[in-house]
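Asks: Below are the C-alpha coordinates for one structure; questions will follow.
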Amino acid sequence: MFASSPTTFLVLLLAATPVASQTCPPPGESEGRCIELAADGTDEVAEVQISPGQTTTFVFDSDLRADELTLESRERFEVADPGKRTLTLVPSEKIRGEKPSQATVCFTDVASPECATFRLVVHPAIAERQVTIFRHARSVDSVQAELRKTREENSELRAENARIRAEHDRPAGLLGLFASGMVDEKGIPSQDITKRITTRESNSLAKTTVTAFRAPGRVAIGLWLENPDAAKSWTLQGAVLVGPKGEQLEASFWPAEPIPPGEWRRVWIEVMAPDARTEGPFTLKLWEADGQRTFVIGNVTFPALTVGPGL
81 MFASSPTTFL
91 VLLLAATPVA
101 SQTCPPPGES
111 EGRCIELAAD
121 GTDEVAEVQI
131 SPGQTTTFVF
141 DSDLRADELT
151 LESRERFEVA
161 DPGKRTLTLV
171 PSEKIRGEKP
181 SQATVCFTDV
191 ASPECATFRL
201 VVHPAIAERQ
211 VTIFRHARSV
221 DSVQAELRKT
231 REENSELRAE
241 NARIRAEHDR
251 PAGLLGLFAS
261 GMVDEKGIPS
271 QDITKRITTR
281 ESNSLAKTTV
291 TAFRAPGRVA
301 IGLWLENPDA
311 AKSWTLQGAV
321 LVGPKGEQLE
331 ASFWPAEPIP
341 PGEWRRVWIE
351 VMAPDARTEG
361 PFTLKLWEAD
371 GQRTFVIGNV
381 TFPALTVGPG
391 L
(Lines of atoms letter the chains of each structure in order from A; the text may use other names.)
(Lines give C-alpha, C1' and ligand atoms only; values in the text may rest on other atoms or scores of the structure.)
Protein backbone atom coordinates (compact mmCIF):
# COMPACT_ATOMS: atom_id res chain seq x y z
CA MET A 81 0.00 0.00 0.00
CA PHE A 82 2.82 2.39 0.83
CA ALA A 83 5.64 0.98 -1.35
CA SER A 84 6.58 3.12 -4.36
CA SER A 85 7.79 1.76 -7.68
CA PRO A 86 11.49 2.64 -6.92
CA THR A 87 11.23 0.61 -3.70
CA THR A 88 9.71 -2.33 -5.58
CA PHE A 89 12.52 -2.16 -8.10
CA LEU A 90 15.09 -2.17 -5.30
CA VAL A 91 13.50 -5.25 -3.72
CA LEU A 92 13.68 -7.11 -7.05
CA LEU A 93 17.26 -6.02 -7.49
CA LEU A 94 18.21 -7.26 -4.02
CA ALA A 95 16.56 -10.60 -4.68
CA ALA A 96 18.63 -11.07 -7.84
CA THR A 97 21.95 -10.02 -6.26
CA PRO A 98 24.30 -12.57 -4.62
CA VAL A 99 24.44 -12.09 -0.85
CA ALA A 100 28.24 -11.87 -0.75
CA SER A 101 28.27 -8.77 -2.98
CA GLN A 102 25.78 -6.76 -0.93
CA THR A 103 27.59 -3.93 0.82
CA CYS A 104 26.57 -0.37 1.51
CA PRO A 105 27.67 1.99 -1.29
CA PRO A 106 29.79 5.07 -0.56
CA PRO A 107 27.91 8.11 0.80
CA GLY A 108 25.98 10.02 -1.86
CA GLU A 109 25.70 7.13 -4.33
CA SER A 110 22.29 5.88 -3.19
CA GLU A 111 19.09 7.31 -1.79
CA GLY A 112 18.16 6.80 1.81
CA ARG A 113 19.97 5.14 4.68
CA CYS A 114 22.02 1.93 4.47
CA ILE A 115 22.77 -0.42 7.39
CA GLU A 116 24.97 -3.54 7.44
CA LEU A 117 24.34 -6.39 9.89
CA ALA A 118 27.37 -8.48 10.87
CA ALA A 119 27.00 -12.21 11.46
CA ASP A 120 28.73 -12.09 14.86
CA GLY A 121 25.94 -9.96 16.31
CA THR A 122 28.32 -7.25 17.55
CA ASP A 123 26.43 -4.44 15.78
CA GLU A 124 25.00 -1.74 17.99
CA VAL A 125 21.24 -1.22 17.75
CA ALA A 126 20.83 1.19 14.83
CA GLU A 127 18.78 4.34 15.33
CA VAL A 128 16.20 5.17 12.66
CA GLN A 129 14.52 8.55 12.64
CA ILE A 130 10.72 8.58 12.27
CA SER A 131 8.18 11.41 12.30
CA PRO A 132 4.40 11.60 12.82
CA GLY A 133 2.44 11.03 9.62
CA GLN A 134 5.54 10.27 7.51
CA THR A 135 6.31 6.90 5.93
CA THR A 136 9.51 4.98 6.72
CA THR A 137 10.16 1.85 4.64
CA PHE A 138 12.72 -0.81 5.62
CA VAL A 139 14.08 -2.85 2.70
CA PHE A 140 15.94 -6.09 3.55
CA ASP A 141 18.09 -8.43 1.45
CA SER A 142 16.69 -11.49 3.29
CA ASP A 143 13.17 -12.88 3.69
CA LEU A 144 11.29 -11.85 6.84
CA ARG A 145 9.03 -13.84 9.16
CA ALA A 146 5.83 -11.86 8.84
CA ASP A 147 4.46 -13.22 12.14
CA GLU A 148 7.51 -12.30 14.25
CA LEU A 149 7.46 -8.52 14.11
CA THR A 150 7.87 -6.95 17.56
CA LEU A 151 6.95 -3.27 17.69
CA GLU A 152 6.77 -1.26 20.91
CA SER A 153 3.74 1.04 21.15
CA ARG A 154 2.28 -0.69 18.12
CA GLU A 155 -1.00 1.15 18.63
CA ARG A 156 0.89 4.33 17.70
CA PHE A 157 1.77 3.00 14.22
CA GLU A 158 0.05 2.10 10.99
CA VAL A 159 1.87 -0.98 9.71
CA ALA A 160 1.50 -1.88 6.04
CA ASP A 161 1.09 -5.57 5.28
CA PRO A 162 4.70 -6.74 5.64
CA GLY A 163 6.19 -7.73 2.33
CA LYS A 164 8.56 -10.61 1.82
CA ARG A 165 11.48 -8.24 2.27
CA THR A 166 9.91 -4.92 3.26
CA LEU A 167 8.40 -3.30 6.34
CA THR A 168 6.56 0.03 6.15
CA LEU A 169 5.70 2.10 9.24
CA VAL A 170 3.65 5.29 9.52
CA PRO A 171 3.64 6.75 13.07
CA SER A 172 0.46 8.52 14.18
CA GLU A 173 0.36 12.01 15.66
CA LYS A 174 -0.01 10.40 19.11
CA ILE A 175 3.68 9.45 19.03
CA ARG A 176 4.82 13.09 18.96
CA GLY A 177 7.03 13.87 21.94
CA GLU A 178 7.25 10.25 23.11
CA LYS A 179 10.45 8.44 24.03
CA PRO A 180 12.18 6.17 21.45
CA SER A 181 10.67 2.74 20.87
CA GLN A 182 12.08 -0.42 19.29
CA ALA A 183 11.18 -2.59 16.31
CA THR A 184 12.54 -6.13 15.90
CA VAL A 185 12.25 -8.32 12.80
CA CYS A 186 13.41 -11.93 12.34
CA PHE A 187 14.52 -13.75 9.21
CA THR A 188 13.21 -17.00 7.77
CA ASP A 189 16.56 -18.78 7.30
CA VAL A 190 18.92 -20.17 9.95
CA ALA A 191 21.78 -17.79 9.23
CA SER A 192 23.16 -15.35 11.77
CA PRO A 193 22.03 -12.86 12.87
CA GLU A 194 18.58 -14.38 13.25
CA CYS A 195 16.90 -11.07 14.07
CA ALA A 196 17.56 -7.33 13.81
CA THR A 197 16.47 -4.59 16.20
CA PHE A 198 16.11 -0.89 15.40
CA ARG A 199 15.67 2.03 17.80
CA LEU A 200 12.93 4.31 16.47
CA VAL A 201 13.68 7.93 17.41
CA VAL A 202 10.82 10.42 17.01
CA HIS A 203 11.65 13.69 15.23
CA PRO A 204 9.02 16.45 15.03
CA ALA A 205 9.49 17.12 11.30
CA ILE A 206 11.94 14.77 9.52
CA ALA A 207 11.76 11.03 8.88
CA GLU A 208 14.18 8.69 7.14
CA ARG A 209 12.03 7.63 4.20
CA GLN A 210 13.94 4.50 3.17
CA VAL A 211 16.36 2.31 5.14
CA THR A 212 18.15 -0.51 3.31
CA ILE A 213 19.52 -3.36 5.43
CA PHE A 214 22.28 -5.70 4.18
CA ARG A 215 22.68 -8.83 6.31
CA HIS A 216 25.90 -10.77 5.84
CA ALA A 217 29.16 -11.81 7.48
CA ARG A 218 32.03 -9.39 7.68
CA SER A 219 33.79 -10.44 4.50
CA VAL A 220 36.88 -8.88 2.88
CA ASP A 221 34.58 -7.04 0.48
CA SER A 222 32.66 -5.57 3.40
CA VAL A 223 35.83 -4.38 5.13
CA GLN A 224 37.08 -2.85 1.87
CA ALA A 225 33.76 -1.05 1.39
CA GLU A 226 34.04 0.38 4.91
CA LEU A 227 37.60 1.50 4.22
CA ARG A 228 36.48 3.19 1.00
CA LYS A 229 33.71 4.92 2.92
CA THR A 230 36.18 6.12 5.57
CA ARG A 231 38.61 7.40 2.94
CA GLU A 232 35.85 9.33 1.21
CA GLU A 233 34.65 10.83 4.47
CA ASN A 234 38.21 11.88 5.31
CA SER A 235 38.53 13.43 1.87
CA GLU A 236 35.32 15.42 2.43
CA LEU A 237 36.59 16.58 5.83
CA ARG A 238 39.90 17.71 4.29
CA ALA A 239 38.00 19.65 1.61
CA GLU A 240 35.79 21.29 4.24
CA ASN A 241 38.85 22.15 6.33
CA ALA A 242 40.52 23.72 3.29
CA ARG A 243 37.38 25.78 2.60
CA ILE A 244 37.23 27.03 6.19
CA ARG A 245 40.93 27.94 6.16
CA ALA A 246 40.49 29.76 2.86
CA GLU A 247 37.59 31.77 4.28
CA HIS A 248 39.66 32.73 7.33
CA ASP A 249 42.39 34.00 5.01
CA ARG A 250 39.94 36.54 3.60
CA PRO A 251 39.20 39.91 5.24
CA ALA A 252 36.16 40.27 7.50
CA GLY A 253 33.13 42.55 7.17
CA LEU A 254 32.12 44.08 3.83
CA LEU A 255 35.58 43.48 2.38
CA GLY A 256 35.17 39.79 3.12
CA LEU A 257 31.82 39.68 1.29
CA PHE A 258 33.36 41.27 -1.79
CA ALA A 259 36.46 39.05 -1.61
CA SER A 260 34.33 35.87 -1.38
CA GLY A 261 32.28 36.81 -4.46
CA MET A 262 29.03 36.66 -2.51
CA VAL A 263 28.12 40.27 -3.43
CA ASP A 264 29.10 42.88 -5.97
CA GLU A 265 27.98 46.48 -6.45
CA LYS A 266 24.39 45.28 -6.85
CA GLY A 267 24.30 43.55 -3.47
CA ILE A 268 22.62 40.24 -2.60
CA PRO A 269 19.48 39.37 -4.61
CA SER A 270 16.44 39.38 -2.31
CA GLN A 271 12.68 39.10 -2.65
CA ASP A 272 9.68 39.60 -0.36
CA ILE A 273 7.73 36.31 -0.69
CA THR A 274 5.29 36.89 2.18
CA LYS A 275 2.13 36.92 0.02
CA ARG A 276 2.88 33.65 -1.78
CA ILE A 277 3.74 31.68 1.38
CA THR A 278 1.37 28.91 2.52
CA THR A 279 0.99 28.08 6.23
CA ARG A 280 -0.42 25.28 8.39
CA GLU A 281 -3.16 25.63 10.98
CA SER A 282 -1.01 23.65 13.44
CA ASN A 283 1.79 26.26 13.37
CA SER A 284 2.74 27.41 16.85
CA LEU A 285 4.28 30.68 15.61
CA ALA A 286 2.83 33.57 13.62
CA LYS A 287 4.69 35.30 10.80
CA THR A 288 4.39 38.78 9.27
CA THR A 289 7.13 39.02 6.63
CA VAL A 290 9.25 36.44 4.82
CA THR A 291 12.21 37.55 2.70
CA ALA A 292 14.30 35.22 0.53
CA PHE A 293 17.97 35.83 -0.33
CA ARG A 294 20.40 34.12 -2.71
CA ALA A 295 24.20 34.18 -3.06
CA PRO A 296 26.54 31.80 -4.90
CA GLY A 297 26.27 28.37 -3.28
CA ARG A 298 23.84 29.42 -0.54
CA VAL A 299 20.37 30.78 0.16
CA ALA A 300 18.84 32.47 3.20
CA ILE A 301 15.43 33.34 4.61
CA GLY A 302 14.60 36.18 6.99
CA LEU A 303 11.37 35.86 9.00
CA TRP A 304 9.61 38.01 11.55
CA LEU A 305 8.01 35.52 13.94
CA GLU A 306 5.67 35.99 16.90
CA ASN A 307 5.24 33.58 19.79
CA PRO A 308 1.50 33.82 20.60
CA ASP A 309 1.82 31.59 23.67
CA ALA A 310 1.16 33.80 26.69
CA ALA A 311 3.03 31.54 29.11
CA LYS A 312 5.79 29.59 27.36
CA SER A 313 8.86 30.67 25.40
CA TRP A 314 9.60 29.18 21.95
CA THR A 315 13.21 27.99 21.47
CA LEU A 316 14.31 27.09 17.95
CA GLN A 317 16.33 23.85 17.82
CA GLY A 318 16.50 22.93 14.13
CA ALA A 319 15.50 23.84 10.59
CA VAL A 320 15.33 22.10 7.22
CA LEU A 321 14.32 22.96 3.65
CA VAL A 322 12.38 20.20 1.87
CA GLY A 323 12.48 20.33 -1.93
CA PRO A 324 9.78 19.46 -4.49
CA LYS A 325 11.09 15.89 -4.80
CA GLY A 326 11.38 15.36 -1.05
CA GLU A 327 15.09 16.19 -0.89
CA GLN A 328 16.15 17.65 2.45
CA LEU A 329 18.67 20.48 2.81
CA GLU A 330 19.97 20.97 6.33
CA ALA A 331 19.76 24.59 7.48
CA SER A 332 21.53 26.68 10.09
CA PHE A 333 19.75 29.43 12.02
CA TRP A 334 20.39 32.56 14.07
CA PRO A 335 19.80 33.70 16.74
CA ALA A 336 19.40 30.75 19.11
CA GLU A 337 17.78 32.70 21.96
CA PRO A 338 14.18 31.83 22.94
CA ILE A 339 11.27 33.94 21.70
CA PRO A 340 9.57 35.10 24.94
CA PRO A 341 5.79 34.74 25.33
CA GLY A 342 3.88 37.28 23.23
CA GLU A 343 7.01 38.78 21.63
CA TRP A 344 8.41 39.11 18.08
CA ARG A 345 11.85 38.13 16.83
CA ARG A 346 13.73 38.31 13.52
CA VAL A 347 15.00 34.82 12.67
CA TRP A 348 17.51 34.02 9.92
CA ILE A 349 17.79 30.66 8.14
CA GLU A 350 20.72 29.76 5.84
CA VAL A 351 21.37 26.74 3.62
CA MET A 352 24.63 25.85 1.91
CA ALA A 353 23.77 24.16 -1.40
CA PRO A 354 24.75 24.17 -5.09
CA ASP A 355 22.65 26.60 -7.11
CA ALA A 356 21.09 23.71 -9.07
CA ARG A 357 19.51 22.37 -5.85
CA THR A 358 17.78 25.63 -4.89
CA GLU A 359 15.19 25.98 -7.64
CA GLY A 360 12.23 25.12 -5.40
CA PRO A 361 9.52 25.59 -4.45
CA PHE A 362 10.50 24.50 -0.94
CA THR A 363 8.85 23.79 2.39
CA LEU A 364 10.59 25.28 5.42
CA LYS A 365 10.25 23.35 8.69
CA LEU A 366 11.28 24.73 12.09
CA TRP A 367 10.99 22.87 15.39
CA GLU A 368 11.54 23.81 19.00
CA ALA A 369 13.78 22.29 21.63
CA ASP A 370 11.28 19.87 23.21
CA GLY A 371 9.87 18.74 19.86
CA GLN A 372 6.25 19.45 20.73
CA ARG A 373 5.70 22.55 18.59
CA THR A 374 6.63 23.21 14.95
CA PHE A 375 6.39 25.99 12.35
CA VAL A 376 5.98 25.03 8.68
CA ILE A 377 5.57 27.24 5.59
CA GLY A 378 5.37 26.20 1.96
CA ASN A 379 5.91 27.64 -1.53
CA VAL A 380 9.28 29.13 -0.56
CA THR A 381 11.27 30.30 -3.60
CA PHE A 382 14.52 32.24 -4.04
CA PRO A 383 15.43 35.05 -6.45
CA ALA A 384 17.79 34.50 -9.37
CA LEU A 385 21.43 35.52 -9.05
CA THR A 386 22.32 38.89 -10.54
CA VAL A 387 24.94 39.04 -13.24
CA GLY A 388 28.06 40.80 -12.07
CA PRO A 389 31.69 40.39 -11.02
CA GLY A 390 32.18 37.18 -9.05
CA LEU A 391 28.59 35.96 -9.58
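For our numbering, add 80 to where a residue sits in the sequence shown, where the first one is 1. Just so you know, even glycine gets a beta-carbon here, dropped at the ideal spot from N, CA and C.
So, using beta-carbon positions, are I367 and L305 closer together than 8 angstroms?
Replies: According to the sequence as given, residue 367 is Trp; it is not Ile. Not in contact: W367 and L305 (Cβ atoms no closer than 8 angstroms).
Asks: Roughly how many angstroms lie between the CA atoms of T291 and A207, to the nearest whole one?
Replies: One C-alpha to the other measures close to 27 angstroms.
Asks: Do the segment 226-238 and the segment 155-168 meet, that is, are 3 or more Cβ pairs less than 8 angstroms apart?
Replies: Cβ pair count under 8 angstroms is below three, so no.
Asks: Can you tell me which of V128, V299, L303 and E337 puts its alpha carbon nearest to the alpha carbon of A331?
Replies: Taking only the C-alpha atoms, the option nearest A331 is V299.
Asks: Just to confirm the assignment: which complete alpha helix (DSSP H) runs, minimum length 4, are found wholly within the segment 155-192?
Replies: Listed in chain order, nothing qualifies, since the segment 155-192 has no complete alpha helix (DSSP H) run of 4 or more residues.
Asks: Taking the C-alpha atoms as reference points, what is the distance between I51 and F198?
Replies: This structure gives no information on residue 51, because the portion of the chain shown stretches from 81 to 391.
Asks: On a CA-only basis, which of L169, D141, I349 and D143 is nearest E152? Give me that one, please.
Replies: Comparing Cα positions, the closest option is L169.
Asks: Of the residues V125, V139 and T381, which one's Cα is nearest the Cα of D272?
Replies: With distances taken between Cα atoms, D272 lies closest to T381.
Asks: What is the DSSP secondary structure of K325, reduced to helix, strand or coil?
Replies: K325: coil per DSSP, three-state reduction.
Asks: List the whole-angstrom C-beta distance separating P171 from I130, where the pair is believed to meet the contact cut-off of C-beta under 8 angstroms.
Replies: With a Cβ gap of about 5 angstroms, P171 and I130 count as contacting.
Asks: Can you tell me whether P204 is buried or exposed? The criterion is at least 16 other CB atoms within 10 Å of its CB, across all chains shown.
Replies: Buried: at least 16 other Cβ atoms inside 10 Å.
Asks: Considering only DSSP beta bridges, list what K365 is partnered with.
Replies: DSSP lists V320 and V376 as partners of K365.
Asks: Suppose the cutoff is 6 angstroms on Cβ atoms and the five residues either side in sequence are ignored; what does the same chain contact list for G378 look like?
Replies: So the list reads T278 and T363, once near-sequence residues are dropped.
Asks: By the DSSP assignment, the beta strand (DSSP E) with L291 in it spans what residues?
Replies: It is Thr, not Leu, that sits at residue 291 in the sequence shown. From DSSP, the beta strand (DSSP E) with T291 extends over A286 to A295.
Asks: Give the C-beta separation of T315 and A384 to the nearest angstrom, bearing in mind that I take them to be a contact with Cβ-Cβ under 8 angstroms.
Replies: Contact flag wrong, Cβ pair sits at about 35 angstroms.
Asks: Helix, strand or coil for L303 per DSSP?
Replies: L303 falls in the strand class under three-state DSSP.
Asks: With respect to the beta strand (DSSP E) encompassing D272, which residues constitute its N-terminal and C-terminal limits?
Replies: S270 to D272 is the extent of the beta strand (DSSP E) around D272.
Asks: Would you kindly work out how many angstroms separate the C-alpha atoms of K287 and W348, rounded to a whole number?
Replies: If you take the alpha carbons of K287 and W348, they lie about 13 angstroms apart.
Asks: Just reading off the beta strand (DSSP E) that P138 is part of, what are its end residues?
Replies: Residue identity check: residue 138 is Phe in the sequence provided, not Pro. Residues T136 to F140.
Asks: Is it buried or exposed, Q317, if we count other Cβ atoms within 10 angstroms and call 16 or more buried?
Replies: Flag for Q317 reads exposed.
Asks: What residues in its chain sit with their C-beta under 6 angstroms from that of R176, if we drop five residues either side in the sequence?
Replies: P132.
Asks: Considering Cα atoms alone, identify which of V376, A196 and E173 is closest to A183.
Replies: Among V376, A196 and E173, the Cα nearest to that of A183 belongs to A196.
Asks: Under a three-way DSSP split, which group does R199 fall into?
Replies: Residue state, collapsed to three classes: strand.
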